[in-house]
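Engineer: Below is a structure I'd like to ask you about.
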Amino acid sequence: MRLVALDTFAERIGLKRGQGAAEARAMCPSLDVIAADPAADQAFLEALADWCDRYTPLVALDGTDGLFLDITGCAHLHGGEKALISDVLSRLFSLGVEARATVSSAAGLSWAVTRYGDADVIAPGDGDPVLAPLPVAALRLPADTAAALERVGLKQIGDLLEAPRAPLARRFGSSLLLRLDQARGFEDEPLSPRLPVPSFSAERRLAEPLQDEEYILELTRHLARDVRSSLERHGEGGRLFELLLFRVDGRVFRVRAQAAVPLNDAVRIAALFRERLQAVHDDLDAGYGFEIVRLSVLRSERLDPAQQDFSGAPDESQPLAAFVDKVSARFGPGCLMQATLAESHLPERAGGFAAVTDVAAVLRMPALEEKAFPENRPLRIFAHPEPVEATAEVPEGAPRSFNWRKTRYRVARAEGPERIAAEWWIDGESHPTRDYFRIEDQEGRRFWLFREGLYGRETASPRWFMHGVFA
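If you read the sequence shown in the working numbering, its first letter stands for residue 7, the second for the next number, and so on.
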């Protein structure tokens, strides 16, 4: 057993990560050792990342014990960089979390100073003096590279700042110079947010926490009005909305609602979340209340204004869209399905069902004509063809009898074959040729069977399958 994480006291008495637990107990007999739980640590870090959304939507994970926050354009909302960092650390301390933080113009510089230095805010241009006394490990180098640098006497970053770059690259690789330039701000290091950044957003910071669901819905309607003004300026409507509820104890709830058509109507947006909150009522624990409520538009589309005719008749898509939105918000996005067609020769792949997410696509779907359902095929087929044991008089002829589901059937009449070959336009797929037969047994029951594989060309012993039953 080895130590994987230490608190401040353990670091002060000289314990190190990777040290054996027995050796650590010898140094400190009263040492309290807790079994590591990486999954719980990751879940806790994810929860802290959700909590940090109150400061900026650009939050990225840094390994297993750190977070990157891009506060560009957000610091003035919290009184400046010093006030923001003070608020973050004080709030985390009140939640029982010991954290360190640094604000700078480069992610690499903030990482190095947070873990190996003691500065809180570094002004642009002051990076080199702050980096110089830090160890080379602060550059996020591999352990073997850092050890090799220390062996040749390059123990601090200041030693690398004065050394020629070409010999360093030849001996230790180009990654050393890349990390050095990232820490100095010479190379861009874009952050990858863990969650999509909303296109439009509006929030309220409350003086008194909210607990009642009706008050939350009323506030959501006011936020929807603010979002609507932004959507109208861009000529767009929201398709996917998210309601963030920041509880006073740090927990964050995310409630998403999807619209079947682009929306910018505040009343309909609030109605979506009324249904969603009723659906997730048992999972939404208000606790001591929510202090921040934010409404975001995660996905939007072009919304062309439509004018009603003189009769005042509404658009035919509106009642259907309202029904789809209400049902999907209450029971989930996959509760409503629509039949779909696909370009495929194989019967089991020629059609299917898909969740109704876009009313416009449903209205654009052409009506199925009567000829779309051939009389020589059953209306419903099995999702997966079932194997049968068939006996035929000739290798490529219709079966005379077959066993299916432990029952033997004797064939009275047979029609076919209807040959279906594999799709040539799909790369990487090869399906044997199928010969379909319409079979009627001596009891008058009708079946749809096929023989897989051409005898003598694709296989030496073709197999038979049951694919459907005629009503």
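Even for Gly, the Cβ is constructed at its ideal location relative to N, Cα and C.
(1) Which runs of the beta strand (DSSP E) at least 3 residues long sit entirely within the segment 183-242? Give them in chain order.
(2) Taking the alpha carbon of residue 43 as the reference point, which residue from 37, 71, 33 has its own alpha carbon closest?
(3) Could you pull the start and end residues of the beta strand (DSSP E) that residue 338 belongs to?
(4) Could you check which residue in 238, 431, 290, 294 has the C-alpha nearest to that of residue 489?
(5) Among 158, 165, 368, which has the Cα closest to the Cα of residue 137?
(6) Once the 5 residues before and after residue 422 are set aside, which same chain residues still bring their CB inside 8 Å of it?
(7) Note down the Cα distance separating residue 470 from residue 414, rounded to an integer number of angstroms.
(8) Assign residue 242 to buried or exposed, taking buried as 16 or more other Cβ atoms, counted over all protein chains shown, within 10 Å of its Cβ.
(9) Using the Cβ count rule (16 or more neighbours within 10 Å means buried), how would you classify residue 57?
(10) Label residue 1 either buried or exposed according to how many other C-beta atoms from any shown protein chain fall within 10 Å of its C-beta, with 16 as the threshold for buried.
(11) One question on the structure: do residue 76 and residue 251 come within less than 8 Å of each other, judged by their Cβ atoms?
(12) Between the alpha carbons of residue 466 and residue 309, how many angstroms are there, rounded?
(13) Check whether the Cβ atoms of residue 90 and residue 67 lie closer than 8 Å to each other.
(14) What residue does the beta strand (DSSP E) around residue 405 start on, and which one ends it?
(15) Mapping DSSP to helix, strand and coil, what is residue 472?
(16) Could you check whether residue 206 and residue 236 sit closer than 8 Å to each other, using their CB atoms as the reference points?
(17) Hey, would you say residue 386 sits closer than 8 Å to residue 474, going by beta carbons?
(18) Per the contact definition of three or more C-beta pairs closer than 8 Å, is the segment 322-334 in contact with the segment 255-273?
(19) Starting from the N-terminal side, write out each stretch of the beta strand (DSSP E) that is 3 residues or longer and does not extend beyond the segment 274-315.
(20) Who are the Cβ neighbours of residue 476 in its own chain at under 6 Å, not counting the five residues just before and after it?
(21) Quick one: what's got a C-beta closer than 8 Å to residue 84's C-beta in the same chain, skipping five residues either side?
(22) Taking only beta-carbon positions, decide if residue 139 is within less than 8 Å of chain D.
(23) In terms of residues, what are the limits of the beta strand (DSSP E) holding residue 10?
(24) Can you tell me which residues form a DSSP beta bridge with residue 50?
(25) If you check the beta carbons only, do residue 245 and residue 307 fall under 8 Å apart?
(26) Less than 8 Å separating the beta-carbons of residue 325 and residue 361?
(27) Helix, strand or coil for residue 430? Go by DSSP, reduced to three states.
(28) What separation, rounded to the nearest whole angstrom, lies between the Cα atoms of residue 217 and residue 294?
(29) What is the rounded straight-line gap between the Cα of residue 208 and the Cα of residue 301?
(30) Between 204, 213, 271, 260, which has its C-alpha nearest residue 231's C-alpha?
(31) Is residue 280 near residue 212, with beta carbons less than 8 Å apart?
(32) Would DSSP call residue 387 helix, strand or coil?
(33) To the nearest angstrom, how far is the alpha carbon of residue 347 from that of residue 356?
(34) Three or more C-beta pairs under 8 Å: does that hold for the segment 102-122 against the segment 150-158?
(35) Going by the DSSP bridge assignment, what does residue 456 pair with across the sheet?
(36) With a floor of 3 residues, list each beta strand (DSSP E) that falls wholly inside the segment 88-148, ordered by position along the chain.
Structural biologist: The short version:
(1) Counting only runs of 3 or more residues that sit fully inside the segment 183-242, the beta strand (DSSP E) segments are 206-216, in chain order.
(2) One-based indexing of the sequence shown puts residue 43 at position 37. For the set 37, 71, 33, the Cα lying nearest the Cα of residue 43 is the one of 71.
(3) As a working mapping, residue 338 is identified with position 332 in the sequence shown. Careful: residue 338 lies outside any beta strand (DSSP E) and carries neither H nor E.
(4) Only positions 7 to 477 of the chain appear in the structure, and residue 489 is not among them; the question remains open.
(5) Against the sequence shown, residue 137 aligns to sequence position 131. Considering only alpha carbons, the answer is 165.
(6) Position 416 of the sequence shown, counting from 1, holds the residue named residue 422. So the qualifying residues of the chain are 404, 441, 442, 443, 444.
(7) For the purposes of this step, residue 470 is taken as the residue at position 464 of the sequence shown. For the purposes of this step, residue 414 is taken as the residue at position 408 of the sequence shown. The alpha-carbon atoms of residue 470 and residue 414 are separated by roughly 14 Å.
(8) For the purposes of this step, residue 242 is identified with residue 236 of the sequence shown, where counting begins at 1. By the neighbour-count definition (other C-beta atoms within 10 Å, threshold 16), residue 242 is a buried residue.
(9) Here the question's residue 57 lines up with position 51 in the sequence shown. Around the CB of residue 57, 16 or more other CB atoms lie within 10 Å, so the residue is classed as buried.
(10) Outside the modelled stretch of the chain, which goes from 7 to 477, sits residue 1, for which no answer is possible.
(11) On the sequence shown, residue 76 is found 70 positions in, with the first residue counted as 1. On the sequence shown, residue 251 is found 245 positions in, with the first residue counted as 1. No. Outside cutoff.
(12) The residue given as residue 466 occupies position 460 in the sequence shown. The residue given as residue 309 occupies position 303 in the sequence shown. Take the alpha-carbon of residue 466 and the one of residue 309: they are about 60 Å apart.
(13) For this step, residue 90 is matched to residue 84 along the sequence shown. For this step, residue 67 is matched to residue 61 along the sequence shown. Going by beta carbons, residue 90 and residue 67 fall outside the 8 Å limit.
(14) Here the question's residue 405 lines up with position 399 in the sequence shown. Element bounds for residue 405: 405-410.
(15) Along the sequence shown, one-based indexing puts residue 472 at 466. In the structure shown, residue 472 sits in a strand (DSSP, three-state: E or B).
(16) Looking up residue 236 in the sequence shown gives position 230. Looking up residue 206 in the sequence shown gives position 200. The answer is yes: Cβ separation under 8 Å.
(17) Numbered from its first residue, the sequence shown carries residue 386 at position 380. Numbered from its first residue, the sequence shown carries residue 474 at position 468. At a Cβ-Cβ threshold of 8 Å, residue 386 and residue 474 count as neighbours.
(18) Enough Cβ pairs lie closer than 8 Å, so yes.
(19) Counting only unbroken stretches of 3 or more residues, the beta strand (DSSP E) elements lying wholly within the segment 274-315 are 296-308, in sequence order.
(20) To locate residue 476, count along the sequence shown from 1; it is residue 470. Sequence-distant partners of residue 476 (beyond 5 residues in either direction) whose C-beta falls short of 6 Å from its own C-beta, in its chain, are 384, 452.
(21) Residue numbering aside, residue 84 sits at position 78 when the sequence shown is read from its first letter. Counting only Cβ-Cβ distances below 8 Å, and skipping sequence neighbours, we find 61, 90, 93.
(22) In summary, chain D is missing from the structure at hand, where a single protein chain is found.
(23) Residue mapping note: residue 10 aligns to position 4 of the sequence shown, counting from 1. Counting along the chain, no beta strand (DSSP E) covers residue 10, and no H or E run does either.
(24) The count along the sequence shown starts at 1 and reaches residue 50 at position 44. Beta-bridge pairing links residue 50 to no other residue.
(25) Stepping through the sequence shown from its first residue, residue 245 is reached at position 239. Stepping through the sequence shown from its first residue, residue 307 is reached at position 301. Cβ atoms of residue 245 and residue 307: closer than 8 Å.
(26) Taking the first residue of the sequence shown as position 1, residue 325 is located at position 319. Taking the first residue of the sequence shown as position 1, residue 361 is located at position 355. Going by C-beta atoms, residue 325 is not nearer than 8 Å to residue 361.
(27) Taking the first residue of the sequence shown as 1, we reach residue 430 at position 424. Correct three-state label for residue 430: coil.
(28) Reading the sequence shown from its first residue, position 211 is the one you call residue 217. Reading the sequence shown from its first residue, position 288 is the one you call residue 294. Rounded to whole angstroms, residue 217 to residue 294 spans 7 Å at the Cα level.
(29) Sequence index remark: in the sequence shown, residue 208 carries index 202 (1-based). Sequence index remark: in the sequence shown, residue 301 carries index 295 (1-based). If you take the alpha carbons of residue 208 and residue 301, they lie about 5 Å apart.
(30) What you label residue 231 is simply residue 225 of the sequence shown in a count that begins at 1. Taking each of 204, 213, 271, 260 in turn and checking the Cα distance to residue 231, the smallest one comes out for 271.
(31) In the sequence shown, the residue the question calls residue 280 occupies position 274. In the sequence shown, the residue the question calls residue 212 occupies position 206. Cβ distance not < 8 Å, so residue 280 and residue 212 don't count as in contact.
(32) Along the sequence shown, one-based indexing puts residue 387 at 381. Note: residue 387 maps to strand in three-state DSSP.
(33) Counted from its first residue, the sequence shown places residue 347 at position 341. Counted from its first residue, the sequence shown places residue 356 at position 350. Distance from the CA of residue 347 to the CA of residue 356, rounded to the nearest whole angstrom, comes to 6 Å.
(34) Contact fails: fewer than three Cβ-Cβ distances are below 8 Å.
(35) Here residue 456 refers to the residue found at position 450 of the sequence shown. Under DSSP, residue 456 shares a beta bridge with 442, 471.
(36) Those beta strand (DSSP E) runs which fall completely within the segment 88-148 and span 3+ residues do not exist here.
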